[in-house]
Amino acid sequence: FEQILGLYQKSGESGKQVFIAFDKADTYTPNTYKIVDKASVLRLSVGNELFGMSWSRQNAVPETEPIPKADAEDNVKTEQRNDKE
Numbered sequence: 001f002e003q004i005l006g007l008y009q010k011s012g013e014s015g016k017q018v019f020i021a022f023d024k025a026d027t028y029t030p031n032t033y034k035i036v037d038k039a040s041v042l043r044l045s046v047g048n049e050l051f052g053m054s055w056s057r058q059n060a061v062p063e064t065e066p067i068p069k070a071d072a073e074d075n076v077k078t079e080q081r082n083d084k085e
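The sequence shown begins at 1 in the UniProt record's numbering and counts up one residue at a time.
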């Protein structure tokens, strides 16, 4: 994993953005943890999950009600219309 992070670092040095996601950073080597810590822009933690729920916990419940499919499709169409204008 550390070698893969090294490749990501080199990409970043050339001006490219790289996005990775993984769990349990503290289970890797200290050097790996340093690399990740230095380059991190966003970190999620228990209680601060993206989209309001943990995908790894069986009893996870979203904090907000999901948007009904019809409403979600209307939002996309509105955004597409706004982009064309």
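In this text, a Cβ means the ideal position worked out from N, Cα and C, and glycines have one as well. Computed from a predicted structure; not experimentally measured.
Is the shortest distance between the beta-carbon of residue i and the beta-carbons of chain C less than 7 Å?
i, result
"VAL36", "In summary, chain C is missing from the structure at hand, where a single protein chain is found."
Under DSSP, the alpha helix (DSSP H) around residue i begins and ends at which residues?
i, result
"LYS16", "Run containing LYS16: none; DSSP gives neither H nor E here."
"ASP23", "That residue, ASP23, is in no alpha helix (DSSP H); it is neither H nor E in DSSP."
"ASN48", "No alpha helix (DSSP H) contains ASN48, which DSSP labels as neither H nor E."
"THR32", "30 to 39"
Could you tell me how far apart the beta carbons of residue i and residue j are, in whole angstroms, since I believe they sit closer than 8 Å?
i, j, result
"THR32", "LEU5", "6 Å"
"GLU2", "THR29", "6 Å"
Residues in the same chain with beta-carbon distance under 6 Å from residue i, minus the five sequence neighbours each way, listed in chain order, please.
i, result
"ILE35", "LEU5"
To which residues of the same chain is residue i closer than 8 Å at the C-beta, ignoring the five residues directly before and after it?
i, result
"LEU50", "LEU44"
Looking at C-beta atoms only, is the number of pairs between the segment 10 to 17 and the segment 44 to 57 that lie closer than 8 Å three or more?
At 8 Å Cβ cutoff, the stretches do not touch.
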